[in-house]
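Heads up: the structure comes next, in structure tokens.
There are 4 protein chains.
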Amino acid sequence: MELFDNISPLDYRYVGRDKEAAKLLAPYLSENARVHYQAQVEAALVRVLARQGICSKEIAREVEQACRRVNAEDVYKEEDRIRHDVRALVNVVRRQVSKEAKPFVHFGATSYDIVDTASALRFREASRMVLLPVLKGLEKTLIKLALRERDTVQVGRTHGQHAEPITFGFALSEYVSRLGNRIQAIDAAKDNLCGKFSGAVGAYNASSLFLKDPVAFEQALLKELGLKTGTHSTQIVEPESLIDLLNTVISTFCVLANLADDLRNLQRSEIAEIAEAFGEKQVGSSTMPHKRNPINFENVKSLWKQFMPRIVTVYLDALSDHQRDLTNSASARFLPEIFAGLYLASERLNKTLSRLVVDHANIERNFAASADSIVAEPLYILLAQHGHANAHEEVRLLTLEAKKKGKPLLGLAEAHPALSRYLKAFTPGQLAVIRDPAKYTGLASKKTVQVCQHWKKALKL
Amino acid sequence: MELFDNISPLDYRYVGRDKEAAKLLAPYLSENARVHYQAQVEAALVRVLARQGICSKEIAREVEQACRRVNAEDVYKEEDRIRHDVRALVNVVRRQVSKEAKPFVHFGATSYDIVDTASALRFREASRMVLLPVLKGLEKTLIKLALRERDTVQVGRTHGQHAEPITFGFALSEYVSRLGNRIQAIDAAKDNLCGKFSGAVGAYNASSLFLKDPVAFEQALLKELGLKTGTHSTQIVEPESLIDLLNTVISTFCVLANLADDLRNLQRSEIAEIAEAFGEKQVGSSTMPHKRNPINFENVKSLWKQFMPRIVTVYLDALSDHQRDLTNSASARFLPEIFAGLYLASERLNKTLSRLVVDHANIERNFAASADSIVAEPLYILLAQHGHANAHEEVRLLTLEAKKKGKPLLGLAEAHPALSRYLKAFTPGQLAVIRDPAKYTGLASKKTVQVCQHWKKALKL
Amino acid sequence: MELFDNISPLDYRYVGRDKEAAKLLAPYLSENARVHYQAQVEAALVRVLARQGICSKEIAREVEQACRRVNAEDVYKEEDRIRHDVRALVNVVRRQVSKEAKPFVHFGATSYDIVDTASALRFREASRMVLLPVLKGLEKTLIKLALRERDTVQVGRTHGQHAEPITFGFALSEYVSRLGNRIQAIDAAKDNLCGKFSGAVGAYNASSLFLKDPVAFEQALLKELGLKTGTHSTQIVEPESLIDLLNTVISTFCVLANLADDLRNLQRSEIAEIAEAFGEKQVGSSTMPHKRNPINFENVKSLWKQFMPRIVTVYLDALSDHQRDLTNSASARFLPEIFAGLYLASERLNKTLSRLVVDHANIERNFAASADSIVAEPLYILLAQHGHANAHEEVRLLTLEAKKKGKPLLGLAEAHPALSRYLKAFTPGQLAVIRDPAKYTGLASKKTVQVCQHWKKALKL
Amino acid sequence: MELFDNISPLDYRYVGRDKEAAKLLAPYLSENARVHYQAQVEAALVRVLARQGICSKEIAREVEQACRRVNAEDVYKEEDRIRHDVRALVNVVRRQVSKEAKPFVHFGATSYDIVDTASALRFREASRMVLLPVLKGLEKTLIKLALRERDTVQVGRTHGQHAEPITFGFALSEYVSRLGNRIQAIDAAKDNLCGKFSGAVGAYNASSLFLKDPVAFEQALLKELGLKTGTHSTQIVEPESLIDLLNTVISTFCVLANLADDLRNLQRSEIAEIAEAFGEKQVGSSTMPHKRNPINFENVKSLWKQFMPRIVTVYLDALSDHQRDLTNSASARFLPEIFAGLYLASERLNKTLSRLVVDHANIERNFAASADSIVAEPLYILLAQHGHANAHEEVRLLTLEAKKKGKPLLGLAEAHPALSRYLKAFTPGQLAVIRDPAKYTGLASKKTVQVCQHWKKALKL
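Chains as they are written, first to last, in the UniProt record's numbering: chain X, 1 to 461; chain Y, 1 to 461; chain H, 1 to 461; chain R, 1 to 461.
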């Protein structure tokens with residue numbers, strides 16, 4: 001099988017051809033990883049069996065060593081023969097140990113004691129070693145940018161329309177906050193993943209035959225692996241802890257997609273407040289040599305479109321007949337792809353943001369274009385505060401007049417007989433805001449700093 | 001508008017015609033509720049304004065009373081005129097207060113300070129007052145049933161095939177556990193809902209004009225309403241706390257749908273271990289008078305099919321341009337329907353389970369049909385424990401032989417020269433299990449009790 | 001039940017309060033409509049029975065009249081008593097006819113012979129009478145606008161970046177074409193909807209008892225109603241014809257959402273090429289009196305976010321156990337909402353487009369800003385056509401130089417020793433394009449006219 | 001990159017390790033295929049250019065030969081350098097041709113003229129060469145089975161409850177019909193796929209520079225490739241024709257999943273009417289050696305759970321800003337996976353059905369268990385036909401009595417004073433049905449034959 005005979009873009013393009021990504025992701029998300037984690041659970045099982053005196057420590061050591069040597073290729077070869085993947089793994093291990101050790105491989109276990117426990121382990125580690133680092137890296141980049149731009153006055157936009165002033169740093173601090181929140185959520189959710197060792201139907205039928213306290217044994221085994229035990233299991237682990245983790249993963253993806261959208265829009269030709277950096281040799285378009293496209297932001301959005309809907313599969317897999325059916329077997333094999341997808345989007349966003357081009361002149365230009373009408377809000381608020389009973393409507397009419405006559409709003413207000421007396425009561429500070437809308441940024445700068453400091457500390461960045 | 005001119009089945013059928021449901025749900029999920037919660041936030045705002053000395057207590061009292069009188073009809077009439085829903089609410093309140101009080105209605109607020117805060121409040125209360133009670137009621141019913149049936153030996157089923165023995169109570173305790181877990185999850189998620197009072201673009205622009213510490217004011221207001229403050233907001237609250245709540249709501253729905261599926265399957269004619277109770281006058285089918293269909297379980301599954309995919313809308317709404325766009329305005333109006341859907345499914349499941357017919361004779365009959373082959377697992381485990389190096393394969397071949405010859409597995413094992421010596425080493429307790437598979441239920445009964453007690457205590461039922 | 005006690009925004013807001021919409025939609029999409037269509041099928045049944053001599057014409061007339069009098073309220077009252085909705089309908093009809101006629105009400109039918117046939121009828125009529133007219137109205141508006149603006153030179157945008165010139169009419173003609181295509185698709189799909197009259201399990205068991213050719217009878221009945229017969233049915237109609245219709249409905253929704261997005265973006269403050277018309281009394285924002293937001297385009301996008309994911313429910317409902325289960329009963333009741341959703345989005349888009357404000361000055365301004373760099377593409381194409389072997393790369397480097405030096409691209413090209421000789425070979429027409437990029441609109445205008453004429457004719461507008 | 005370092009189960013397991021599947025799928029669905037199809041479009045372009053006299057035939061031949069030599073590896077290497085995938089392809093071709101030929105490679109084309117046209121070509125061919133053959137193979141197997149079992153009387157099941165009699169062949173003919181219908185739908189949809197050659201913004205800007213009739217040229221090019229031309233395009237082809245194809249693909253998947261569910265249920269231990277064949281050496285369970293699980297049917301359902309929700313991505317990709325954005329670039333790369341998914345499910349289902357074990361004894365046993373109550377429907381119908389005014393209710397009460405007393409329904413009816421006189425009027429044929437419910441199969445057998453013959457002919461099988 002050649003690289004480009006692959007069907008998945010993860011394999012032939014996004015991970016498969018990116019050595020750095022492949023090196024980071026394969027130990028958790030590849031099929032080799034799946035087999036290795038299962039072997040790890042088998043090894044932990046025999047270790048605990050020995051600790052509880054069910055087999056000797058020599059046997060445990062022997063089995064552990066065999067587990068360490070297991071690889072996907074051997075397991076698949078055996079599966080070809082016997083058509084059962086976990087039994088194949090067991091056979092591969094058994095073949096490498098002494099006759100005395102053989103019975104203690106997979107002893108008292110049902111396949112899904114191994115599979116589900118290994119999955120929990122693997123997804124916890126993928127969260128810890130792949131997702132959290134890249135997301136924290138992105139968070140750091142965002143914090144750096146937000147702090148740097150905390151005083152860059154920018155027009156705030158609602159409905160795509162110029163609204164009240166903010167700073168560019170404040171706009172970025174939205175994502176510092178939302179991403180920080182999601183990093184905590186992934187971190188917490190990964191630690192709730194449960195394993196199991198309760199046998200074929202969850203009632204510890206088999207283990208009750210040879211263990212005094214099978215529940216205590218299960219806890220010992222899962223503790224050995226750093227996993228939680230749910231209050232119940234059937235042949236499989238209750239799906240809810242994994243659902244919760246995937247909700248955090250996919251909602252994090254939404255944060256990234258939203259940020260990518262914002263930046264794509266800020267890069268529009270007419271807005272042009274930011275731009276992706278662009279290599280000297282890079283080709284923007286096959287026919288329009290002048291184009292500079294936000295291809296990385298577009299890619300992030302596109303990955304989100306591919307992976308977000310997969311939550312539906314996750315919910316569908318939450319339903320399993322009685323003590324389990326197997327209708328999640330193929331679908332669950334695709335779960336690691338979601339982790340890979342979020343990694344790719346995060347890493348790309350991080351790289352792109354690290355080299356983000358910010359065009360301060362354009363930010364100023366865009367702000368200036370609306371400076372006059374921005375005055376409307378503080379004007380109406382201050383009129384109300386100074387006792388005008390109908391300030392909102394009055395100012396609304398005035399903005400219409402200003403637009404019609406092409407005159408500045410403030411001038412019209414000052415000339416307005418019914419308003420001018422209120423204006424005279426404004427404090428100098430209030431008047432300053434009215435006269436220079438760039439001062440009407442509220443707490444934008446201060447809040448940016450607070451948000452960044454909060455998350456730096458909370459996430460120990 | 002007559003009832004049956006409605007388009008939504010919630011309105012013309014499931015809630016609209018069920019007085020009890022309507023009475024319970026309308027205060028949280030109807031349009032009237034939406035308006036009332038917004039008025040409540042306006043009232044809290046003026047209360048806190050008075051407390052901070054920005055307006056007098058008399059004014060606050062006056063506005064509060066006006067807020068209490070607001071109803072959807074008046075607000076809609078005003079919206080027809082001015083085409084802005086929140087401004088309409090404000091106008092309705094303003095009209096009912098003195099000239100002195102008018103400026104302090106909605107003072108310094110932007111629409112979404114009210115809308116999003118009121119939504120958080122409403123969804124928290126809907127969770128607390130609608131969802132948690134009905135789910136706890138269902139949990140209680142499940143616990144009662146599980147404890148009652150904790151010793152009812154039932155064949156466990158994996159892949160729809162008879163597997164190892166459990167008890168029917170143990171099967172139910174799966175749902176006690178999963179539902180208990182989700183109740184806790186909803187409970188926790190509802191308390192994370194955030195409000196905001198940071199103005200049109202989130203930078204406290206307006207409130208900075210007249211408040212020394214707008215962030216402290218925001219916290220005071222939200223504390224007054226029992227809500228949290230996020231680390232950041234734009235015109236709108238960060239969507240993640242609501243996403244997390246909806247993930248718990250929809251994953252709870254999955255638990256119910258799974259239970260409904262299991263029960264539908266157990267009601268199949270050939271299995272017939274349980275049945276929905278059936279009224280004397282009830283018509284099962286328009287042409288097959290003998291039919292007794294699991295229509296309530298089917299309804300639960302069907303509601304799940306309608307509401308589960310709506311998580312996609314929730315994720316789509318997580319993306320909002322810059323300081324917000326309004327592309328969530330219509331879609332978010334449908335969110336209360338998801339709460340109504342889960343309520344309906346829970347209530348119906350609870351009622352149906354309360355009158356569940358359990359056919360112990362059929363449970364026994366089905367178990368007996370597989371009793372012999374069930375022996376295979378304990379036999380292989382015990383052979384392995386007693387040192388047989390190849391027990392699984394040996395027993396697998398024996399089951400094929402048993403099937404071919406139509407002979408009991410145990411008899412073949414005892415007659416097998418290579419196995420009989422291992423069998424002789426079995427303890428009496430082990431032999432008892434091998435001879436009576438109904439004893440091979442492991443911890444099914446004990447675990448059922450543990451699970452029920454755990455959740456009874458954890459949820460204070 | 002008061003209007004604002006409703007939970008669905010369709011009922012309390014979007015349809016329920018819009019008299020015109022309610023009047024148009026209720027006859028097809030309300031619960032009353034559902035009952036009426038079922039009664040219509042019962043009436044057709046007895047008509048065909050009489051035609052085939054199974055009952056008398058008098059009986060048929062009697063039953064038909066009773067069917068015409070049926071209303072949802074009576075049916076629901078009866079359902080409360082007997083707990084079966086179709087049997088309730090039958091009872092209501094039976095009560096109103098003579099003893100002789102009673103046996104021929106619902107004669108030989110199973111509930112879903114009526115329910116599924118009535119649904120097919122209803123959705124066909126909803127497509128014909130609700131969707132197609134509003135979509136054709138929208139198409140007309142688009143054609144009018146596109147033709148009017150066919151020569152309005154506008155900068156084309158790819159990746160949000162200025163690309164090559166088009167005309168605004170050409171941009172609109174994209175939607176003329178895509179919407180036209182979808183109108184045809186809905187039209188075709190609605191005519192594929194199938195009914196059935198094959199009894200409880202689809203094998204014509206009951207009707208075989210008293211009809212010589214039950215298949216011919218089924219065809220006669222469905223022909224009477226203008227419906228197709230599938231090659232097979234179980235208790236229910238094969239779901240595929242309805243799936244196909246809903247795919248056309250939802251993909252039409254995607255076209256509308258895409259158009260709404262484009263217009264929202266063109267209304268951005270910095271672009272400002274178009275705007276929604278805005279009433280004199282309309283309030284744009286509760287705190288920013290100057291705001292003019294694209295609230296209608298946002299609403300269209302938002303409705304799409306609510307209804308698009310419901311395709312998942314449609315696919316889930318395609319799976320029904322054996323000769324059917326009932327797990328589509330509640331979910332299918334929500335299907336009419338999707339039709340209502342598309343109607344609302346279409347109607348709103350149509351109204352908004354009818355009063356669309358086009359700012360030609362801004363369109364020109366935006367075009368002018370990129371006029372120079374637009375030259376890059378025709379320049380490179382013509383250089384290539386005149387034999388330059390490396391035109392794309394040469395021009396790409398030149399655009400970088402132009403940007404760096406702030407000089408016009410064409411000037412640099414003419415001054416470039418290796419390029420100037422090619423330029424001299426350009427025809428006058430080619431040179432004209434290079435000198436005036438507004439001429440580089442290709443077939444934009446001509447194509448606009450062709451597209452509009454094609455669809456006008458194809459859809460008989 | 002080793003096989004098991006891959007992340008996608010398609011690559012490391014389902015296709016990657018299945019030589020037959022890989023050989024069949026790679027030419028259409030792999031990355032190599034993507035590149036080859038793009039090269040094919042480039043070749044067709046130069047061919048048509050030559051035909052229209054824009055370049056010489058020698059040049060065309062030279063470029064065509066170069067196109068045939070293109071492979072993904074070379075293109076990726078070039079993309080690494082210049083960061084644009086289509087330009088990379090163009091460069092690879094250009095490098096291999098003479099200086100004279102270079103300008104005519106990709107002449108007048110924009111990237112997506114190639115990419116979208118190649119995609120349409122590829123998906124049409126994947127439909128034609130991968131999907132339709134495997135689906136027709138499955139259809140044949142179904143027809144064979146259905147015809148073989150057309151007279152096997154089986155109890156029909158609605159709501160999982162025994163209903164009226166059918167034959168097993170009739171149950172299978174449901175899928176003959178639904179699958180046949182979908183095969184036609186895929187076949188039709190694939191032929192609607194459109195290509196384009198209208199340049200960077202769809203207005204034929206570039207091609208207008210050197211072609212008299214660019215629209216005619218586009219048609220000539222697409223005709224050369226056997227593709228349709230839409231009425232409009234922007235930088236990209238209108239998405240609707242691809243959406244329609246994917247709707248047929250995914251709704252076909254639903255048919256397969258439904259069939260797999262039915263068969264899984266029929267394999268339940270208590271029903272046991274069918275079973276997957278099971279190899280002598282196959283291991284059913286790692287701890288329960290006697291288990292025979294419907295793992296292939298489960299796999300089909302599981303693949304459906306993975307691929308069905310991807311329709312959401314397809315709809316999301318239907319929205320592209322203005323003359324296009326690139327937010328479908330990554331997501332669209334995953335589209336071939338959906339084709340692979342349906343292939344895998346179909347092939348597996350076909351293989352499993354070819355060796356399906358049908359247990360006629362159990363089918364009979366299950367039927368016999370309900371034979372008595374089945375009589376209820378024909379009894380009530382015939383009573384009604386013979387003039388009984390209240391037959392349904394009378395029989396309903398009788399079934400309750402029969403159940404309570406444990407007596408046969410027919411006996412009770414004959415003993416019933418008010419019913420017996422109607423019974424006496426029944427014809428011998430009618431009485432035969434009442435006395436032997438196995439005769440009450442209506443047209444099950446006949447219809448099975450009709451359905452099979454219809455689709456055999458319609459699909460030319």
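Cβ atoms here follow ideal geometry from the backbone N, Cα and C, with glycine treated the same way. Bear in mind that the values here come from a model prediction, so they are computed numbers and not experimental data.
Run the CB neighbour count on residue i, radius 10 Å, all protein chains shown included, and call it buried at 16 or more, exposed below.
i	result
Arg348 of chain H	buried
Asp11 of chain R	buried
Pro428 of chain X	exposed
Gln154 of chain Y	buried
Gln306 of chain H	buried
Ala21 of chain R	buried
Apart from the five residues on each side of it in sequence, which residues of its chain come closer than 6 Å, Cβ to Cβ, to residue i?
i	result
Ala118 of chain H	Tyr37, Gln38, Val41
Val63 of chain H	Val46, Val97, Ala101, Val105
Leu145 of chain R	Leu172
Arg333 of chain X	none
Near residue i, what residues of its chain come up, given a Cβ to Cβ distance below 7 Å and the 5 sequence neighbours on each side ignored?
i	result
Glu26 of chain H	Residue identity check: residue 26 of chain H is Ala in the sequence provided, not Glu. These residues qualify, in order along the chain: Asn32, Ala33.
Leu423 of chain R	Ala413, Glu414
Asn265 of chain X	Ile271
Glu100 of chain Y	Ile59
Can you list the residues of chain X that residue i reaches, using a CB-CB cut of under 9 Å?
i	result
Cys67 of chain Y	Ordered by position in chain X, no residue passes the 9 Å Cβ test against Cys67 of chain Y, which lies about 18 Å from the chain.
List, in order along the chain, the chain Y residues whose C-beta lies closer than 7 Å to that of residue i?
i	result
Gln306 of chain R	The contacting residues do not exist; Gln306 of chain R stays about 16 Å from chain Y at best.
Can you pull the chain R residues whose beta carbon is under 9 Å from the beta carbon of residue i, in chain order?
i	result
Pro294 of chain Y	His159, Gly160, Gln161
Using a C-beta to C-beta distance shorter than 8 Å, which residues of chain H count as neighbours of residue i?
i	result
Ala216 of chain R	Those do not exist, as Ala216 of chain R stays about 11 Å from chain H at its closest Cβ, beyond 8 Å.
Using a beta-carbon distance cut-off of less than 7 Å, what residues from the stretch 324-336 of chain R approach chain X? Asp325, Leu326, Thr327, Asn328, Ser329, Ala330, Ser331, Arg333, Phe334, Pro336
Could you give the uninterrupted runs of the alpha helix (DSSP H) lying entirely in the UniProt domain "Adenylosuccinate lyase C-terminal" (371-452) of chain R, keeping only those of 4 residues or more? 376-385, 391-405, 409-415, 417-424, 428-435
Identify every run of the alpha helix (DSSP H) within the stretch 178-247 of chain R, keeping only runs that are complete inside it and at least 4 residues long; order them along the chain. 205-210, 214-224
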